[in-house]
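**Q**
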Amino acid sequence: MKSIVRVLVWTCVAAIGALSLATIAIHRGEPINAMWLVLAALCTYALGYRFYSKFVAAKVLALDPRRATPAERLENGRDFVPTNKWVVFGHHFAAIAGPGPLVGPVLAAQFGYLPGTIWILVGAVLGGCVQDFVVLLFSVRRDGKSLCQMAKEEIGKLGGFVAFVAVIAILIILLGLIALVVVNALKDSPWGVFTIAMTIPIALLMGVYLKYLRPGKVLETSLLGFVLVMLSVIGGQWVSRSPGIAGYFTLSASVLAILIIIYGFAASVLPVWLLLAPRDYLSTFVKLGTILILAAGIIAVRPILHMPALTRFIDGTGPIFAGSVFPFAFITIACGAISGFHSLISSGTTPKMITHETEARMVGYGAMLAESFVAIMATIAACTMMPGQYFAINSPAGIVGKTPEIATSTITSWGFPISATEMASLAKAVGEQNLFNRTGGAPAFAVGMAHIFANSLGGEALTAIWYHFAIMFEALFILTVLDAGTRVARFMLQEALGHLWQPLGRTSWYPSILTSSALIVGAWGYFLWQGVHDPVGGINSLWPLFGIANQLLAIVAFCVATTIIIKMNKARFAFVTIVPLCWLVAVTFTASYQKMFSSNPRIAFLTHAQTLVQQLNSTPAPAAAQAHQLSQLIFNDRFDALVNGILVLLVALIVASSAWEWLRVLSGRKAAEVKEAPFVPTRLGASPELEQEAVS
Amino acid sequence: MRQQIHRAWQLLITTLREIFDENAYARFLAREGIASSRCAYAAFQREREATVEKRPRCC
């Protein structure tokens, strides 16, 4: 009887999911309710978790509840601590959820809501969740080793080297890109700049409060910080309306870029307790709260999606970034579908906290599903806006025109009616002077989120507060990733430089700290500066580069995972990692090829550089200042092409060496030996429930 | 029902305490056999620094 009920329940879930997906896929010409996306997502996740992750857990990985995990065997009360699975889930989710699943889907909405939604659902269930789950489990079985270490052991030294270079590259491009997102959200916005500027003294105050006044009371301190941040959001309105003070906080993109570069360097060399740690706590506090409120807001308001399912820009002529729906939708949305960066978290602190192997399924697969849902919410937030508003905010001046009248006329001619007056009213409603050309996705997401919040809490009167709350939330989030990312990259660089000259590898030696910090900040600062001075907004070139780098890291993770699965004599099940691996190879290699050699100068770095060379050599010769700018842009294009080419070459090498390793193992020329920690039976006692879960 | 709500609340608090390193501090105090103080927290932060500094935050 019980099994009949179970079959009926899952049949209903599948039917509702299929109906919702069919509705969002075939509906054309009229706006649809966002709840269809929510239902489609929840049903897809439920089915994926219940059936596919269970299949991977039981048949492919053969999770063993009797096997002691490193958290138990190596328990030291510091890194290795057996922890409740729900607690690890929360901890892992807090680490993987960043600005990526919020910004990527907003940018990809230029294709319409459909491509992004389908990729987020299918990519997460069949790819991203599987990656996080298998990497987590393989790290658990190897005493919490990192992805780079596993790549080195299972594929060879080349694997380890490529993983290392991919991680450094992705970090640098990521940091430059997210800094650009903040700059574009805050330029000429005294309210936003004031709020974000205030988070620095608030974080410092939290650090001092935590260290000297209330040692160890982090939750209390974070709550205090949150209250102060909310006061600064409200105070920002007053600042923006005070002509004398507003001037100090009305900053151009160049000035903001310089300030962020200085901030990044300072955050990297200051003591952790003073800025990084309290800021991280504050950001996590705001992040978890806001994601929950946004989910509640969407369910309460059930907004209508005004963006069509598909726009004319699927052909590659999009104003936000150039490139057709394949492959560019699939690299624009990484976090939320498949993100290589997650493999670093899954092989970082999380594997050292898992109490039973069987819990890796809920933590690895389940937390990624939760992040995927965040990406769906971002898609909803972007698509609830009128398409004309969306394109006016996200399109660079170089594409739509510099004045409001020209920009709105261009966007209207695309079939998305909008007027300069409408944009002026929108800007006024959110407390900004101007919302045109705010590329990067953050302001568009903030406008969508402010609408949802205002409709559920406080009404239109609070739209401006909610908009600036959303901007603060994203910028705080991003600056925390910037702090932490700069430090992580600095440590990796110090480790590498230590091989050249030992003192440089000492992480507490100040000359080494300053040198390596300057190198890392200089590297991402270059990308930021390039983006700020790009006539077409920077996002067009940098976001695809970041997406490619992130997905290339996922390829490395899938190569490692496939190698281990084959060595476990489970080659017949290796399709669970080979299918997403092949898809990512097709997507990233196509995107990389197009980014270098497409005949469209808006897509390809080298073709764009060629057109600029022609302009430079044209007669009459351009003025000296323009010639200098052209030379700089040509250099940037060629440099981006070089970075792209090196990354693809390295990953092609790792794919080839992995395939060679698989062939040798499958043909019997190499013994199928996995480098796992030896089996030790658990003393924590596997519950009957866990036993049942493992065998069913 | 009340018991279940209480258990869910406890779990939420434990999760937040883990995310915000309060549990790590409690374990540190238990391991060292000392009470919470400025010096104890400073020692915990020194020990924790290496872990926190190298903890990546995803994009």
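Sequences listed follow chains A and B, in order. The opening residue of the first sequence carries number 129 in the working numbering; numbering runs sequentially from there. The opening residue of the second sequence carries number 352 in the working numbering; numbering runs sequentially from there. No residue lacks a Cβ here, since even glycine has one placed at the ideal position from N, Cα and C. Predicted model only: the values in this text are computed from it and were never measured.
(1) Tell me which residue opens and which closes the alpha helix (DSSP H) that residue 372 of chain B is part of.
(2) Counting only Cβ pairs nearer than 8 Å, list the residues of chain B close to residue 137 of chain A.
(3) So, does the CB of residue 350 of chain A fall closer than 8 Å to a CB anywhere in chain B?
(4) Please classify residue 549 of chain A as buried or exposed, where buried requires at least 16 neighbouring CB atoms within 10 angstroms.
(5) Count the other CB atoms within 10 Å of the CB of residue 686 of chain A; is the residue buried (16 or more) or exposed (fewer)?
(6) Need the endpoints of the alpha helix (DSSP H) that residue 556 of chain A sits in, please.
(7) Short check: CB of residue 448 of chain A to CB of residue 238 of chain A, under 8 Å?
(8) Interface residues of chain B around residue 273 of chain A at Cβ under 9 Å?
(9) Confirm, please, whether the CB-CB distance from residue 649 of chain A to residue 396 of chain A is below 8 Å.
(10) Is the distance from the Cβ of residue 655 of chain A to the Cβ of residue 301 of chain A below 8 Å?
(11) Could you tell me whether the Cβ atoms of residue 356 of chain A and residue 349 of chain A are closer together than 8 Å?
(12) Return the first residue and the last residue of the alpha helix (DSSP H) that residue 329 of chain A is part of.
(13) For residue 196 of chain A, list the residues DSSP reports as bridge partners.
(14) Going by C-alpha to C-alpha distance, which of A:196, A:667, A:183, A:170 sits closest to residue 805 of chain A?
(15) Enumerate in chain order the residues of its own chain whose CB-to-CB distance from residue 570 of chain A is below 6 Å, with the five nearest sequence positions on each side excluded.
(16) Which bits of chain A does residue 393 of chain B rub up against, with CB to CB less than 7 Å?
(17) Mind listing the chain A neighbours of residue 396 of chain B? Cutoff is C-beta to C-beta under 8 Å, in chain order.
(18) Taking all protein chains shown into account, do 16 or more other C-beta atoms lie within 10 angstroms of the C-beta of residue 139 of chain A, making it buried, or fewer, making it exposed?
(19) For residue 259 of chain A, count the other beta carbons within 10 Å of its own beta carbon; 16 or more makes it buried, fewer makes it exposed. Which is it?
(20) If we require 3 or more residues per run, which beta strand (DSSP E) segments fall completely within the segment 430–488 of chain A?
(21) What's the C-alpha gap between residue 610 of chain A and residue 483 of chain A?
(22) In three-state DSSP terms, what is residue 160 of chain A?
(23) Just to confirm, is the Cβ distance from residue 297 of chain A to residue 776 of chain A under 8 Å?
(24) Which residue marks the beginning of the alpha helix (DSSP H) containing residue 711 of chain A, and which one marks its end?
(25) So residue 229 of chain A and residue 464 of chain A are in contact, right, with Cβ under 8 Å, and what is the actual spacing, rounded?
(26) Contact criterion: CB-CB distance below 8 Å. Does residue 328 of chain B meet it with respect to chain A?
(27) Give the straight-line distance between the Cα atoms of residue 740 of chain A and residue 726 of chain A, rounded to the nearest whole angstrom.
(28) Check the Cβ of residue 378 of chain B against every Cβ in chain A and list those closer than 9 Å, keeping chain order.
(29) Using only alpha-carbon positions, find the residue among A:321, A:555, A:667 that is nearest to residue 599 of chain A.
(30) Would you call the segment 268–276 of chain A and the segment 285–297 of chain A in contact, with 3 or more CB pairs under 8 Å?
(31) Tell me the residue span of the alpha helix (DSSP H) that contains residue 663 of chain A.
(32) Going by C-alpha distance, which of A:317, A:316, A:319, A:351 is nearest residue 333 of chain A?
(33) Express the C-alpha separation of residue 595 of chain A and residue 149 of chain A in angstroms, rounding to a whole number.
(34) Taking Cβ positions only, does residue 214 of chain A come closer than 8 Å to chain B?
(35) In the segment 218–241 of chain A, which residues sit with their C-beta less than 8 Å from some C-beta in chain B, listed in chain order?
(36) Touching or not, the segment 577–592 of chain A and the segment 424–431 of chain A, by the rule of three or more beta carbon pairs under 8 Å?
**A** To lay it out plainly:
(1) No alpha helix (DSSP H) contains residue 372 of chain B, which DSSP labels as neither H nor E.
(2) Per Cβ cutoff of 8 Å: no residues; residue 137 of chain A is ~21 Å from chain B at best.
(3) yes
(4) exposed
(5) buried
(6) 548–557
(7) yes
(8) What residue 273 of chain A touches in chain B: nothing, since even the nearest Cβ is about 14 Å away.
(9) yes
(10) yes
(11) no
(12) 318–336
(13) A:484
(14) A:196
(15) 309, 313, 602
(16) 339
(17) 339, 400, 401, 405
(18) exposed
(19) buried
(20) none
(21) 31 Å
(22) strand
(23) no
(24) 703–725
(25) 4 Å
(26) Any answer about residue 328 of chain B is impossible in this case: the structure gives chain B only from 352 up to 410.
(27) 15 Å
(28) 205, 206, 209
(29) A:321
(30) yes
(31) No alpha helix (DSSP H) holds residue 663 of chain A; DSSP gives it neither H nor E.
(32) A:351
(33) 31 Å
(34) yes
(35) 218, 219, 222, 223, 224, 225, 226, 227, 228
(36) yes
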